[in-house]
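These notes concern the structure reproduced below.
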Amino acid sequence: EAQVTQNPRYLITVTGKKLTVTCSQNMNHEYMSWYRQDPGLGLRQIYYSMNVEVTDKGDVPEGYKVSRKEKRNFPLILESPSPNQTSLYFCASSWAGFSDEQFFGPGTRLTVL
Amino acid sequence: GESVGLHLPTLSVQEGDNSIINCAYSNSASDYFIWYKQESGKGPQFIIDIRSNMDKRQGQRVTVLLNKTVKHLSLQIAATQPGDSAVYFCAEGDSGGGADGLTFGKGTHLIIQP
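Chains A and B are the protein sequences, given in the same order.
Just so you know, we're using my numbering here: the first sequence kicks off at 1042 and counts up by one.
Just so you know, we're using my numbering here: the second sequence kicks off at 2 and counts up by one.
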């Protein structure tokens, strides 16, 4: 089944404790992206990647890192999480970019205490 | 910065009726528009998209209309069903711009009344 998977689905952590949210897609897509979703603000892009070893900042990259060492994986790293990073995070992928149908993962609910 | 917005946060319609969800955008350089559906507890799901060289596009029970003159986008859902209950997002993008991403609206919650 073609899909985007994220792990973990739920995470509660404390300020400053490094964490990684994994994202994997099995559709051989070139483009991958991370979004956060907050009430009243909609979806906002954090980082995206057009291909392996190519990553770029989105609208809200502060406090996040990403890597794209393999085509299928695009982990989101929070080196020192803070409470304002409490949010619902979505990973997405598509064949060729944002102007192509993006497939979203199920989301990761992160709470930073 | 420029943003995409929606006219109504909640829309309630009777099952079987048609629904129309509206969206206003402000970036005149945007040339790609898309509608997503998000059910409770799930990620957004692609519904339909349209490029600026078109003013109408139809899918299965859905139609997207684009009016570039007034920067307005709408999603029409025909013969609504209970499974259509969800939050619907519009988004815009400029494929010729420097940023490679979409700007999303905040969403409209569509409620289908039995």
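Think of the CB as a built atom: it goes at the ideal place given N, C-alpha and C, for glycine as much as any other residue.
Pairs of beta-carbons, one from the stretch 67-84 of chain B and one from the stretch 1044-1058 of chain A, closer than 8 Å: are there three or more? Counting Cβ pairs under 8 Å, fewer than three are found: no touch.
Under a Cβ-count criterion, where at least 16 other Cβ atoms within 10 Å of its own Cβ denotes burial, should L9/B be classed as buried or exposed? For the purposes of this step, residue 9/B is taken as residue 8 along the second sequence, with counting starting at 1. Low confidence applies here, because L9/B scores a pLDDT of 48, under 50, leaving its location unreliable and the question unanswered by this model.
Tell me, please, whether the CB atom of P1049/A is closer than 7 Å to any CB atom in chain B? Indexing the first sequence from 1 puts residue 1049/A at position 8. For P1049/A, no Cβ of chain B is located within less than 7 Å of the residue's own Cβ.
With a threshold of 16 other CB atoms inside 10 Å of the CB of V1062/A, please say whether the residue is buried or exposed. On the first sequence, position 21 is the one that residue 1062/A refers to. Classification for V1062/A: buried.
Would you say V88/B and H73/B are within 7 Å of each other, going by their C-beta atoms? Along the second sequence, read from residue 1 onward, the residue named residue 88/B stands at position 87. Along the second sequence, read from residue 1 onward, the residue named residue 73/B stands at position 72. With contacts defined by Cβ atoms closer than 7 Å, V88/B and H73/B do not form a contacting pair.
Chain B contact residues for G1099/A, given Cβ-Cβ distances below 7 Å: Taking the first sequence and counting its residues from 1, one reaches residue 1099/A at position 58. Correct list: G102.
Compare the C-alpha of T1096/A against each of N1067/A, Q1086/A and V1107/A and name the closest. Numbered from its first residue, the first sequence carries residue 1096/A at position 55. Of N1067/A, Q1086/A and V1107/A, the residue nearest in Cα terms is V1107/A.
Using a Cβ distance threshold of 8 Å, determine whether the stretch 1089-1105 of chain A contacts the stretch 1042-1055 of chain A, with at least three qualifying pairs required. With the cut-off at 8 Å, the stretch 1089-1105 of chain A and the stretch 1042-1055 of chain A do not touch.
Is the Cβ of K107/B closer than 7 Å to any Cβ of chain A? The sequence position of residue 107/B within the second sequence is 106, counting from 1. For K107/B, at least one C-beta of chain A is nearer than 7 Å to its own C-beta.
DSSP state of D56/B mapped onto helix, strand, coil: Here residue 56/B is taken as the residue at index 55 of the second sequence, counted from 1. Look at D56/B here: in three-state DSSP terms it is coil, with no helix or strand label.
Residues from the stretch 25-46 of chain B in contact with chain A, defined by Cβ distance under 9 Å: The stretch 25-46 of chain B vs chain A, Cβ under 9 Å: D32, Y33, I35, Y37, Q39, G42, K43, G44, P45 and Q46.
Of the listed residues I78/B, F47/B, F34/B and S20/B, nearest to D95/B (C-alpha basis): Reading the second sequence from its first residue, position 94 is the one you call residue 95/B. When only C-alpha atoms are compared, the closest one is F34/B.
Along chain A, in chain order, which residues have C-beta atoms closer than 7 Å to that of S96/B? Start at 1 with the first residue of the second sequence, and residue 96/B comes out as number 95. What S96/B touches in chain A: S1140.
Can you give the Cα-Cα distance for E40/B and F90/B, rounded to whole angstroms? The residue you call residue 40/B lines up with position 39 of the second sequence. The residue you call residue 90/B lines up with position 89 of the second sequence. Cα to Cα, E40/B sits roughly 11 Å from F90/B.
Can you tell me which residues form a DSSP beta bridge with D32/B? Residue numbering aside, residue 32/B sits at position 31 when the second sequence is read from its first letter. Beta bridge pairing from DSSP links D32/B with no other residue.
Could you tell me whether any Cβ in chain B is nearer than 7 Å to the Cβ of Q1086/A? For the purposes of this step, residue 1086/A is taken as residue 45 along the first sequence, with counting starting at 1. At a cut-off of 7 Å between beta-carbon atoms, Q1086/A makes contact with chain B.
Does the structure place the stretch 1140-1152 of chain A close enough to the stretch 42-53 of chain B that three or more beta carbon pairs sit under 8 Å? Segments in contact, yes.
Helix, strand or coil at G44/B according to DSSP, with G and I counted as helix: By 1-based counting over the second sequence, the position of residue 44/B is 43. Three-state DSSP puts G44/B in coil, outside helix and strand.
Chain-ordered chain B contacts of P1147/A [CB-CB under 7 Å]: In the first sequence, counting from the first residue as 1, residue 1147/A sits at position 106. Ordered by position in chain B, the residues that pass the 7 Å Cβ test against P1147/A are K43 and G44.
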